[in-house]
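Taking it in order: structure first as structure tokens, then the write-up.
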């Protein structure tokens, strides 16, 4: 058995097979094409697991901050902490929303949507999970860093889904490959974004910036693949939230994640407008 940094409850082993029989299950030389359906399902599993981990981390932070006081007030009542908690809540909800959109595509056999949403979602949601886990641990403080607390386990677990089923570069290059070889994937993404763009001016501006790049990509797009997949993931999350989620959650996400003055590299940098405070109660 392998000794892993996290994921300890899920045993992993490496095996070698000697003189084993095997059967060809698809056209010879087309291994990737044959396995891509299974890969979509396992990538989707990574999205589900990471979205669930984010949710657990956010709830742990919210629970602590609803009971811990400092400087005469509960942490959840302090504006700077509200900004951090709001970030955790909207990140968690956005991850779940895009994951459920991919689930619907799988159920309905929307092949182009499955093909493109799974690598985009797998890349971004799994990449965001360690940040959420670390910030939730910081909300709790030193006790959150103890090995007997759930946050320590979540923190150890957080990176694994970004590694499994193709690491970040593999996902981003696969997105570009899908766009180049399966034209329906481009229109699928644009249709998803158009469906929500009429509901938010920021998303409309983002769509106007994204569409020319998708329809006429230049030769340098591979070097910027991570940046573009990140941008697509955030725009898709925004569109999905605007159409299907709590309107206040969607508004907060667009304010904090789409290009603008409130976007920040770290949780809490965009602050928490007082009208978004009810989301902290809802998030718990």
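Residue numbers (the numbering used here): 1 to 284. Beta carbons are placed, not taken as given, at the ideal position from N, Cα and C, and that holds for glycine.
| Check | Outcome |
| --- | --- |
| Looking at C-beta atoms only, is the number of pairs between the region 89 to 99 and the region 253 to 271 that lie closer than 8 Å three or more? | yes |
| Quick one: residues in its chain with C-beta nearer than 8 Å to the C-beta of residue 221, no 5 flanking neighbours on either side, listed in chain order? | 176, 213 and 228 |
| Mark residue 245 as exposed unless 16 or more other C-beta atoms lie within 10 angstroms of its C-beta, in which case mark it buried. | buried |
| Distance, Cα to Cα, residue 70 vs residue 136? | 17 Å |
| So, under 8 Å CB-CB, residue 40 and residue 118 are touching, yes? Tell me the CB distance rounded to an integer number of Å. | 5 Å |
| Look at the Cβ atom of residue 240, then the Cβ atom of residue 279, and state whether they are nearer than 8 Å. | no |
| Roughly how many angstroms separate the alpha carbons of residue 208 and residue 42, rounded to a whole number? | 32 Å |
| Write down every uninterrupted run of the beta strand (DSSP E) in the region 35 to 115 whose length is 3 residues or greater and which is fully enclosed by it, in chain order. | none |
| Is the beta carbon of residue 131 less than 8 Å from the beta carbon of residue 50? | no |
| Output yes or no for whether 8 Å exceeds the beta carbon distance between residue 197 and residue 120. | no |
| Three-state secondary structure (DSSP) at residue 217? | coil |
| How is residue 161 classed by DSSP in three states: helix, strand or coil? | helix |
| Is the distance from the Cβ of residue 124 to the Cβ of residue 230 below 8 Å? | yes |
| Smallest Cα separation from residue 54: which of 158, 260 and 182? | 158 |
| Would you mind working out which of 247, 275, 226 and 194 sits nearest residue 171, comparing C-alpha positions? | 226 |
| What residues in its chain sit with their C-beta under 6 Å from that of residue 12, if we drop five residues either side in the sequence? | 2 |
| Is it a yes or a no for the region 184 to 193 touching the region 97 to 115, going by three-plus beta-carbon pairs under 8 Å? | yes |
| Helix, strand or coil for residue 272 per DSSP? | coil |
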